[in-house]
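Chemist: Pasting a structure below so you can have a look.
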Amino acid sequence: MVKKSRKKTGKRKRKTLKSKPQKLSDFLVPGGIKSAHAIIKVAKMFPLVVYIKKGCPYCAKALSILADVGATPRKIALYGDNGQKTQDYLKVYTGRRTVPNVFIGGLSFGGATEIENAHTNGRLKKILADAHVALTKK
């Protein structure tokens, strides 16, 4: 029996790796975020993210204003050593390590002062709506 030789074309089928969907818990450690890169990943996962600390009056003020306009942010509470590291990571990406640190539409927006100014000027709802943040009607 004569074997026919197959001509090799040099093309191979590439297997595509399907990455599993990432969850918020993939990026969190108790009291903060795993890495500086995770700050951006988390900001892009949710339309509204606020880094807070328990007992912070500025955090309470920003959250209150957001609640007044009907926005429900993804809150990430910072505490302990991991909270300090997360604040250092925030400084790398935002230029500030203070809380609250607000991300809208994947971008750093600022803190309580910026939220308050946007609300006072009547721009906050539009900014949130443009970032596809779900607003409950009040």
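Quick note on numbering: the sequence shown equals residues 9 to 146 in our numbering.
For each residue, glycine too, the CB sits at the ideal point set by N, CA and C.
Under the three-state reduction of DSSP, which class applies to Val57: helix, strand or coil?
Modeler: Val57 falls in the strand class under three-state DSSP.
Chemist: Count Cβ pairs between the region 58 to 68 and the region 83 to 95 that sit closer than 8 Å; are there 3 or more?
Modeler: yes
Chemist: Is it the case that the Cβ atoms of Val110 and Ala75 are separated by a distance below 8 Å?
Modeler: no
Chemist: What is the residue span of the alpha helix (DSSP H) that Asn149 lies within?
Modeler: Past the edges of the chain, shown from 9 to 146, lies residue 149, and the structure says nothing about it.
Chemist: Drop a sphere of 10 angstroms on the beta-carbon of Thr102, count the other beta-carbons inside from all chains shown, and report buried for 16 or more, exposed for fewer.
Modeler: buried
Chemist: DSSP three-state call for Val50: helix, strand or coil?
Modeler: Val50 falls in the helix class under three-state DSSP.
Chemist: So, at 8 Å on beta carbons, what are the nonlocal neighbours of Cys64 in its own chain, with the 5 sequence-adjacent residues on each side left out?
Modeler: Excluding its 5 nearest sequence neighbours in each direction, Cys64 has C-beta neighbours in its own chain below 8 Å: Val107 and Pro108, listed in chain order.
Chemist: In the DSSP assignment, what residue or residues form a beta bridge with Phe111?
Modeler: Phe111 is bridged to Val57 and Ser116.
Chemist: Taking Lys62 as the reference, which of Asp96, Leu32, Val100 and Tyr87 has the closest Cα?
Modeler: Tyr87
Chemist: Can you give the Cα-Cα distance for Thr92 and Val50, rounded to whole angstroms?
Modeler: Note that residue 92 is Gln in the sequence shown, not Thr. A straight-line Cα-Cα distance of about 18 Å links Gln92 and Val50.
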